[in-house]
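*Asks:* First to last, the protein sequences are chains A and B. Those letters in the first sequence? Residues 1 to 310, per our numbering, in order. Those letters in the second sequence? Residues 1001 to 1133, per our numbering, in order. Okay, handing you the structure first.
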Amino acid sequence: MRSQKGLPVRQAGQVVLILILVMTVALAIGLSVIQRSLSDVSTSSKVEQSSRAFSAAEAGIEKALSGGLPAVINFPDNNSSATVTTPTTDGLIPAIPQGFNRQEALECPPGDSRLAKEDVAQVWLADPKADLPTCTASDICYKQTSLDVYWGSTAATDKAALELTVVYYGTDSTDPVDPSTTKYRSRKWYLDNDSAGRAETNKFDQVPCPGDYPPPLTGYQCKATIAFLPSDLMLLRARLLYNTTSQPFAVQASWPCSLPSGCFIPPQAKVLVSTGTSGQTQRKVQVCQLEKVVPSYFDYAIFSEGDINK
Amino acid sequence: MKEEKGFSLVESLLVVVIIGSVVLLIANIPNALMLIAKSRHVSLAREIAVKQIEDKRTINYVNLVNDNSPITDTRLSIMPEGSGTVEVTDCDPSICTNGEDIKQVTVTVSWRDNNKIQTITLKTMIGEGGINQ
């Protein structure tokens, strides 16, 4: 640019301004690259530590499942360790209550209490640690003649029905063939939500389902008390019918109980929590150790003491 | 007043600061890019190692024999000189004090970054009647 006289005009400062602008942009780009590299390194090292902690936690669970508690794992060359504990004193669920109080409800299956359509939940009514079918005085076996069951979720629109199978070891006066022999037998209950309107078609026992039960069973839709249970109870199997979503199922010992023993459902599982540590990172793994589980085909198999002839 | 030629102190200082920061940035960017590559390799190595452990967990305990074999994973070729081993050994008696039926699995993945051998090691245990068994 020139003045009217043709002399050059000083443009002091403009180059500096442009230079500063360019520098600022370059600085921003450069700093963002450095920032990203630092955060990447930090994240990847934390993720690696987390994997080491998780592997150690799993190792702790394996040790506790095989050898019981206390289980402590230490891999000094890998800078990881794990300790296994139980969330309560003995970690058993359902716990036998302190003093003579009603037992907390057991949500089944332990750890994940939702049953998909036609999934089966199993509850031991005889102590799974006992030498069955005999239940000795030291075993915890359920001996009451009634039991409370809860099923279905108030949040679900599909109204589930419940099929209950009680397996017991005894006699059955209603058996037309062999009423007096003491052997493994089963008895079934079919319960349905009375608002589902299926009574005419399925002939199930209709149960009013108002919901609104006291905690921790707040979200349950239906409750029924199954009565006239036989003696020498072994196990209870429950299956939800008509549901399309997974819904919860729970059982609870009846109360009040006047028996000298047998008021409580035996512990079904043991909860183990393994805490793996590596550096500053901790990972927890929780498992439910079940005592004994009958195979999935149990409900569909034919059991016979002798040969089966077609 | 006579106009003076040359640069003032502030101007020259400004130039020095600007050139200094540019040099610093340019010197750091390759380093930063290398760190990004390194962290990508660490993440990949971790994923390969975790996959190996998960594969071992699907094997029935009776078929889990003591072994030290190289890892075959196509993702190893992404890393420079990527290699790895899976080692199955009996549980260290100092950990399994009661002689439990447990195998110790050690997965090591190594690669070269910045002319240095980098290694990731994951250790876990698989027991009879344990998780997935």
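Note that the Cβ used here is the ideal one computed from N, Cα and C, for glycine as well. Note that the structure is predicted; figures quoted are calculated from it, not measured.
What does the Cβ neighbour count give for B/T947, buried or exposed, with the cut at 16 atoms within 10 Å?
*Replies:* The structure shown does not extend to residue 947 of chain B, since chain B is modelled only from 1001 to 1133, so the question has no answer here.
*Asks:* Quick one: what does DSSP say A/A26 is sitting in, helix, strand or coil?
*Replies:* Looking at A/A26 - three-state DSSP - the assignment turns out to be helix.
*Asks:* Please return the same chain residues whose Cβ sits closer than 8 Å to the Cβ of A/A250, not counting the five positions on each side in sequence.
*Replies:* The answer, listed in chain order, is A105, L106, E107, C108, S113, V149, Y150, W151, L217 and Y220.
*Asks:* Does B/R1040 have its Cβ less than 9 Å from a Cβ in chain A?
*Replies:* Yes, because at least one Cβ of chain A sits closer than 9 Å to the Cβ of B/R1040.
*Asks:* Compute the Euclidean distance between the alpha carbons of B/L1044 and A/A53, then round it to the nearest angstrom.
*Replies:* Going from the Cα of B/L1044 to the Cα of A/A53 covers about 17 Å.
*Asks:* Run down chain B in chain order and give the residues with a C-beta less than 8 Å from the C-beta of A/I18.
*Replies:* Residues of chain B passing the Cβ test: none, with the nearest at roughly 12 Å.
*Asks:* Thinking C-beta only, is A/Q252 closer than 9 Å to A/A269?
*Replies:* No, they are not a contact pair.
*Asks:* Please tell me whether B/E1087 has its Cβ less than 9 Å away from any Cβ of chain A.
*Replies:* Answer no: the Cβ-Cβ gap between B/E1087 and chain A never drops below 9 Å.
*Asks:* List the residues of chain A that B/R1046 touches, going by C-beta distances under 7 Å, in chain order.
*Replies:* What B/R1046 touches in chain A: V47, E48 and S51.
*Asks:* How about A/G91: is its C-beta nearer than 9 Å to some C-beta of chain B?
*Replies:* So, not an interface residue.
*Asks:* Per DSSP, which one or two residues make a beta bridge with A/F75?
*Replies:* Looking at the DSSP assignment, A/F75 forms a beta bridge with A/S80.
*Asks:* Could you name the residues that DSSP lists as bridge partners for A/R187?
*Replies:* DSSP lists A/V166 as partners of A/R187.
*Asks:* CB-CB under 8 Å to B/N1066, same chain, minus the five flanking residues each way: which ones, in chain order?
*Replies:* V1088, T1089, D1090 and K1103, listed in sequence order.
*Asks:* What in chain A is Cβ-close to B/I1126, meaning under 8 Å?
*Replies:* The answer, in chain order, is E62.
*Asks:* Quick check on B/V1065: does DSSP put it in helix, strand or coil?
*Replies:* Looking at B/V1065 - three-state DSSP - the assignment turns out to be coil, as it is neither helix nor strand.
*Asks:* Residues of the segment 1057-1072 of chain B in Cβ contact with chain A at a cutoff of 7 Å, in chain order, please.
*Replies:* Residues passing the 7 Å Cβ filter: none.
*Asks:* Please tell me whether B/K1123 and A/A59 are closer than 9 Å, where the distance is taken between their beta carbons.
*Replies:* Contact flag set, yes.
*Asks:* According to DSSP, what are the bridge partners of A/W124?
*Replies:* Note: A/W124 sits in a beta bridge opposite A/L235.
*Asks:* What are the residues of the segment 1098-1121 of chain B that lie near chain A, defined by any Cβ-Cβ distance shorter than 7 Å?
*Replies:* Listed by position along the chain: N1098, E1100, D1101, I1102, I1120 and T1121.
*Asks:* Report buried or exposed for A/F303, applying the criterion of at least 16 other Cβ atoms within 10 angstroms of its Cβ.
*Replies:* Exposed.
*Asks:* Output, in sequence order along the chain, the residues in the segment 146-176 of chain A whose CB is closer than 7 Å to any CB in chain B.
*Replies:* Cβ contacts with chain B: none found.
*Asks:* So, with DSSP's three-state summary, where would you put A/K46?
*Replies:* A/K46: helix per DSSP, three-state reduction.
*Asks:* Looking only at DSSP bridge pairs, what is A/L21 linked to?
*Replies:* Its beta-bridge partners do not exist; DSSP assigns none.
*Asks:* Is the separation between the beta-carbon of A/I96 and that of A/F264 shorter than 9 Å?
*Replies:* Yes. Within cutoff.
*Asks:* Is there a Cβ from chain A that is less than 9 Å from the Cβ of B/L1013?
*Replies:* For B/L1013, the answer is no, since every Cβ of chain A falls outside 9 Å of its Cβ.
*Asks:* With respect to the alpha helix (DSSP H) encompassing B/R1040, which residues constitute its N-terminal and C-terminal limits?
*Replies:* It spans L1009 to R1057 - the alpha helix (DSSP H) in which B/R1040 sits, taken as one unbroken run.
*Asks:* Following the continuous alpha helix (DSSP H) through A/E200, name the residue where it begins and the one where it ends.
*Replies:* Element bounds for A/E200: A199 to N202.
*Asks:* Assuming contact is defined by CB atoms lying nearer than 9 Å, are A/Y242 and A/A160 in contact in what I supplied?
*Replies:* Against a cut-off of 9 Å, the Cβ pair of A/A160 and A/Y242 comes out as a contact.
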